[in-house]
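A quick write-up on the structure given underneath.
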Amino acid sequence: TKRVLTGITTTGTPHLGNYVGAIRPAVAASRAPGVESFYFLADYHALIKCDDPARIQRSTLEIAATWLASGLDPERVTFYRQSDIPEIPELTWLLTCVTGKGILNRAHAYKAAVDRNEAAGNDPDADVNAGLFMYPVLMGADILMFKAHEVPVGRDQIQHIEMARDMAQRFNHLYGEHFVLPEALIEESVATLPGLDGRKMSKSYDNTIPLFTPRDAMRRLIAGILTDSRAPGEAKEVEGSALFQIYQGFASAEETQALRQAYADGIAWGDAKQALFERVDREVAPMRDHYQELLAHPELLEDILQAGAAKARRLATPFIQELRHAVGLRRLS
Ligand code: TYM
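Residues 3 to 335 in full-length UniProt numbering are what the sequence shown spells out, letter by letter.
Right, dumping it as structure tokens:
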């Protein structure tokens, strides 16, 4: 069997980028025969950039509801909250000790923070907590704990998965074959979905379209997507058009081809936005009520997460024992 695993950080409301980059491919993978999947709420990761407990709790509820409303079957997959698995921080330490500090210096998220500080004339590590620096190791533990072969993610996570591979290789080399080497599973056409302003859709840029925002709000948000000033009747460029790329993330090849033609024929931006709204709404509308219903029943979600944690720990507990033994953390007799 093949193992598929992915997680979402609990710092905000899930958006279209999370959906097409991770949730949709993950749910699809979980339905394939011979696949065992592990999907989780990365709430330890959330602490790195969020010190607002209420926000983390709200986001945990929203992301759990999003997974289920998007078709995840908790009977079929292992669905859990990272912080319910104490073996994960334990594995993080074991991996920390086989990870070169230099590798972490080169991690994109850490480097971006350092560059930002230097550009502002501040100490390079001014606002950097050690959690941000260690982020890839915690993520490595998430992935390696459950021996995942494939990790469906957006392009921004590729480097982290390569680092997890390096950690696995190094550990296996030192202590014997314990870990599976994971690979990123990336759908090229949606690897980086742009947001309202054309940059990568991201909570940190405040340019997102929340997946389950009410219909009217969704229409207004889509109407606000940045376009150029070409008038109706003038041919439009698909290259660099956020609107076109988001459409492509939701549409079939034929639908995408039709919009490409409409661009060439000079479709008015208002009409293109309406087409995008209708296409996204067609996919999201059937799930929206279910999402709202789930939000209203946190106790139900909590039961599902507890059952998932128990399932996950049936694997994690013996595995961490195996690893402790492998590195020499053993009883004397
Ligand atoms: P996070 O919470 O930032 O994003 C969750 C998933 O959504 C994808 N994504 C996108 N895909 C396409 N276009 C976009 N604009 C876009 N924005 C976000 C991300 O690539 C990701 O797949 N570190 C991870 C969470 C994590 C994890 C893991 C993932 C923790 N442990 C283990 C996989 C395996 C993160 O912060 O993702």
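Glycine is no exception: its CB is placed at the ideal position from the N, C-alpha and C atoms.
Predicted model only: the values in this text are computed from it and were never measured.
Residue j beta carbon less than 9 Å from that of residue i
i	j	result
Arg306	Pro76	For clarity, residue 306 is Ile in the given sequence; the question names Arg instead. Closer than 9 Å, so yes.
Ser72	Arg26	yes
Gly310	Thr194	no
Ile65	Thr12	yes
Lys313	His151	no
Ala270	Gly226	no
Phe181	Met289	no
Gly133	Ile50	yes
Phe173	Leu97	yes
Leu228	Gly200	yes
Ala264	Ala253	no
Asp230	Glu241	no
Ala237	Gly268	yes
Asp86	Gln323	no
Asp125	Ala115	no
Ala109	Gln161	yes
Asp291	Arg217	no
Ile163	Glu189	no
residue 336	Arg78	The requested residue 336 does not occur in the structure, where the chain is confined to residues 3 to 335.
Reduced DSSP category for residue i - H, G, I as helix; E, B as strand; rest coil
i	result
Lys238	coil
Phe321	helix
Arg232	coil
Glu89	helix
His17	strand
Ser39	strand
Gly9	strand
Lys103	helix
Glu120	helix
Arg332	coil
Pro300	helix
Arg78	coil
Val282	helix
Lys4	strand
Arg83	strand
Val182	coil
Lys202	strand
Leu176	helix
Pro216	coil
Ala30	helix
Val130	coil
Rounded distance between the beta-carbons of residue j and residue i, thought under 8 Å
i	j	result
Val29	Leu93	That belief does not hold up - the Cβ atoms of Val29 and Leu93 are roughly 26 Å apart, past 8 Å.
Met203	Ile105	Met203 to Ile105, Cβ: 28 Å. No contact.
Ala328	Gly102	Contact doesn't hold; Cβ gap of about 20 Å is too wide.
Val192	Val22	4 Å
Pro212	Pro55	21 Å between Cβ atoms; not a contact.
Leu303	Leu63	7 Å
Contacts around residue i, its chain only, beta-carbon distance under 6 Å, and the 5 residues preceding and following it disregarded
i	result
Thr258	Gln250
Gly330	none
Phe40	Leu7, Thr80 and Phe148
Leu70	Leu296
Ile224	Lys275, Leu278 and Phe279
Leu261	Tyr249
Arg221	Phe279
Pro300	Leu63
Phe246	Val240
Beta-carbon proximity list for residue i, same chain, < 7 Å, skipping 5 on both sides
i	result
Phe321	Met147
Leu176	Val100
Pro154	Val6, Thr8, Ala24, Pro27, Ala28, Ala31 and Leu187
Gly36	Thr3 and Lys4
Cys52	Thr13 and Ile58
Asn131	Ile50
Close Cβ partners of residue i (< 8 Å) along its chain, the five nearest in sequence each way excluded
i	result
Ile90	Tyr46, Gln84, Leu140, Ala143, Asp144, Met147 and Ala318
Asn107	Lys113
Tyr207	Gly197, Asp199 and Arg201
Ala111	Leu134 and Tyr137
Residue i at chain D interface by Cβ criterion, 9 Å
i	result
His327	No chain D appears in this structure, which consists of one protein chain only.
Check your understanding: Three or more beta-carbon pairs under 8 Å between the region 271-287 and the region 35-46, yes or no?
Key -> no
Point to revise | Any 3 or more C-beta pairs closer than 8 Å across the region 124-139 and the region 156-174 | key: yes
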